[in-house]
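*Asks:*
In the numbering used here, the protein residues as written are 660 to 833.
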């Protein structure tokens, strides 16, 4: 069932985000719904505020009035979340909750897909996906933050740099 779980946006009264999160977590524990409701997340960012007393780092909600819930949508889970005090509804049309797309989830930074790579700059790698699949190239640059790798591929006798996702290449067999 975990494969059916999607991220949904729950609208709350402003200032009730933490209460809603805690209440949903308590319901999940009390009703043994761990297999249906997986995660509850309030996107936060660290902001440096500068005042007369100097600067300090403060945690601030990225989307005040919203809580993200990763769950399998059933009648039971819909009612559990919808009937929490402070929840005004799901993001969607009418009573139909619309899940976030994978691209939205990635853009929000809610789920980090950590890619462990077995190569480094200068290594020969094989491209495993995309238009240049099965081509060999040399790693020129790795950008872990952007999930990108630049590989120099020899095509038609010319060296061509190609930017790929980290998981689109693998170490070439020695």
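Glycine residues also receive a C-beta, built at the ideal position from the N, C-alpha and C atoms.
#1: Between the Cα of residue 793 and those of 814, 752, 739 and 688, spot the shortest distance and give me the residue it belongs to.
#2: Report all residues from its chain with a CB closer than 7 angstroms to the CB of residue 675; omit the five preceding and five following residues, and keep chain order.
#3: Would residue 796 be called buried (16 or more neighbouring beta carbons within 10 Å of its own) or exposed?
#4: Just tell me which of 733, 693 and 748 has its CA closest to the CA of residue 724.
#5: Do you know whose CA, among 715, 807, 755 and 790, lies nearest residue 733's CA?
#6: By a C-beta neighbour count over all protein chains shown, 10 Å radius and 16 as the cutoff for buried, is residue 736 buried or exposed?
#7: Which word fits residue 790, buried or exposed, when buried means at least 16 other C-beta atoms lie within 10 angstroms of its C-beta?
#8: Does DSSP put residue 739 in a helix, a strand or coil?
#9: Do you know whose CA, among 673, 742 and 739, lies nearest residue 720's CA?
#10: Could you tell me how far apart the beta carbons of residue 739 and residue 692 are, in whole angstroms, since I believe they sit closer than 8 angstroms?
#11: Can you tell me whether DSSP reads residue 792 as helix, strand or coil?
#12: Let me know if residue 705 comes out buried or exposed under the rule of 16 or more other beta-carbons within 10 Å of its beta-carbon.
#13: Kindly indicate which residue of 809, 819 and 687 has the alpha-carbon position closest to the one of residue 826.
#14: Rounding to the nearest angstrom, what Cα-Cα distance links residue 669 and residue 681 in this structure?
#15: Mapping DSSP to helix, strand and coil, what is residue 716?
#16: By the DSSP assignment, the beta strand (DSSP E) with residue 700 in it spans what residues?
*Replies:* Based on what the coordinates show:
#1: If we check each option's Cα against that of residue 793, 814 comes out closest.
#2: Excluding sequence positions up to five before and after residue 675, its CB lies within less than 7 angstroms of the CB of 745, all in the same chain and listed in chain order.
#3: That one is buried.
#4: A check of alpha carbon separations from residue 724 across 733, 693 and 748 identifies 748 as the nearest.
#5: Here the closest residue by C-alpha is 755.
#6: Flag for residue 736 reads buried.
#7: Exposed.
#8: Annotated three-state conformation of residue 739 is helix, per DSSP.
#9: Comparing Cα-Cα distances from residue 720 to each of 673, 742 and 739, the minimum goes to 673.
#10: The pair is a contact, with the Cβ atoms about 7 angstroms apart (cut-off 8 angstroms).
#11: In the three-state DSSP reduction, residue 792 falls in the coil class, being neither helix nor strand.
#12: In this structure residue 705 is exposed. Its beta-carbon is surrounded by fewer than 16 other beta-carbon atoms within 10 angstroms.
#13: It is 809 whose Cα lies nearest to the Cα of residue 826.
#14: Going by the C-alpha atoms only, they are around 14 angstroms apart.
#15: It is a strand residue.
#16: Run containing residue 700: 696 to 700, per the beta strand (DSSP E) assignment.
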